[in-house]
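First residue of the sequence shown: 2, per our numbering; consecutive thereafter.
In what follows, a single structure is set out as structure tokens and then discussed.
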Amino acid sequence: MFIDTHLHLSYKYGETPSKYIMESNANNVKLLIVSACDKESMIESDRLLEEYPSLYYSFGFHPEFASSISNDDINHLVNSISNKREKIVAIGEIGLDYHYGNENIQEQKNLFERQLQISVDLSLPVVIHSRDATQDTYDILSKYNVFGVIHCFSGSLEMALKYIDLGFYIGIGGVVTFKNSKLQEVVKNIPLSKIVLETDSPYLAPSPYRGEVNSSKYIPIIASKIAELKEISIEEVMHVTTSNAIALFDLKI
Ligand SMILES: [Zn+2]
């Protein structure tokens, strides 16, 4: 079986979870780790976790909310994790995003560091979002004794190897299937033992569905591209990346 280690699931995307989960299952994607990175998704998880046993969650505030997160929100995050500890398997996605400008860089860094400290306190892995902020993300992560995954990795081979040295896995998604993607060179040169698969659904659908709504059911397309790049079988990609995800998130399955 495959595991999709990073997706967003919400009724606002128009799918019902049962159809989405059924289609994923039919494509051998049996466990889904949903990223709840705003309050609405965290609250929605209560009901979805009860209904769908194949779901796990990561909880953490995305940097885009850095200017609006209160102490109460942080307390809500910590309490929710303590209440559902066996199903909330990571803190994330958290990190830095300078794509839309840099007026609130300090607020982003503060929120990022607060949540890194929570992951240290709770011994949970972190799911890192980093966009146009490579050096700052790396520098902050280096200060904390944390482990986890660099979600939707899009940097250089050198950067991937530095993150691996720091104790991180590299999250590979649909971008690897795009024509002339620089990620292909990265995937060829990092060990499979450090790769986990993800879709970031509903965003970033792989070729030939680029531009459409993404789904966890496309995980085998990503695995197949990795197999081709590494000149190994898709079964090997499946077995190794699934074991990686189980180990990283300490999934009790
Ligand atoms: Zn995401």
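Don't be surprised by glycine CBs; every beta carbon is placed ideally from N, CA and C.
Residue i, DSSP secondary structure in three states
{"i": "R132", "result": "strand"}
{"i": "F169", "result": "strand"}
{"i": "I34", "result": "strand"}
{"i": "T17", "result": "coil"}
{"i": "T200", "result": "coil"}
{"i": "L8", "result": "strand"}
{"i": "Y53", "result": "coil"}
{"i": "D39", "result": "coil"}
{"i": "F154", "result": "coil"}
{"i": "V177", "result": "helix"}
{"i": "D73", "result": "helix"}
Top-ranked residue by Cα proximity to residue i, from the options
{"i": "P64", "options": "S131, I89, D47 and K85", "result": "S131"}
{"i": "D201", "options": "S217, K189, P192 and Y164", "result": "S217"}
{"i": "D137", "options": "L56, Q107, V241 and K88", "result": "Q107"}
{"i": "G93", "options": "N84, I75 and E104", "result": "I75"}
{"i": "Y145", "options": "I191, V121 and S157", "result": "V121"}
{"i": "L193", "options": "L123, L33 and I165", "result": "I165"}
{"i": "I4", "options": "L249, Y210, R115 and E199", "result": "E199"}
{"i": "Y58", "options": "E159, S81 and S69", "result": "S81"}
{"i": "D178", "options": "Y139, L167, I227 and L158", "result": "Here residue 178 turns out to be Thr, not Asp, going by the sequence shown. Nearest C-alpha to T178: I227."}
{"i": "N72", "options": "P54, Y204, N111 and L123", "result": "N111"}
{"i": "Y210", "options": "G149, H9 and K180", "result": "K180"}
{"i": "K183", "options": "Y170, M160, G168 and I70", "result": "M160"}
Sheet register partners of residue i (DSSP bridge)
{"i": "S182", "result": "Partner(s): none; S182 has no beta bridge."}
{"i": "V147", "result": "Per DSSP, none; premise fails for V147."}
{"i": "I95", "result": "I129"}
{"i": "G61", "result": "G61 is not bridged to any residue."}
{"i": "I89", "result": "Y58"}
{"i": "F3", "result": "V30"}
### Message
Count Cβ pairs between the region 98-110 and the region 45-55 that sit closer than 8 angstroms; are there 3 or more?
### Response
Contact between the region 98-110 and the region 45-55 is not established, with fewer than three Cβ pairs separated by less than 8 angstroms.
### Task
Flag this pair as touching only if the region 227-234 and the region 36-43 have three or more C-beta atom pairs under 8 angstroms; answer yes or no.
No: the two stretches stay apart, fewer than three of their Cβ pairs being nearer than 8 angstroms.
### Query
Do the region 19-36 and the region 207-224 meet, that is, are 3 or more Cβ pairs less than 8 angstroms apart?
Yes, the region 19-36 is in contact with the region 207-224.
### Task
Could you tell me whether the region 182-189 touches the region 237-247, using the rule of 3 or more Cβ pairs below 8 angstroms?
Contact between the region 182-189 and the region 237-247 is absent, because fewer than three Cβ pairs lie under 8 angstroms.
### Message
If contact is defined by three or more beta carbon pairs under 8 angstroms, each pair taking one atom from either stretch, is the region 143-159 in contact with the region 70-88?
### Response
In this structure the region 70-88 does not lie against the region 143-159, because fewer than three pairs of beta carbons, one per stretch, are closer than 8 angstroms.
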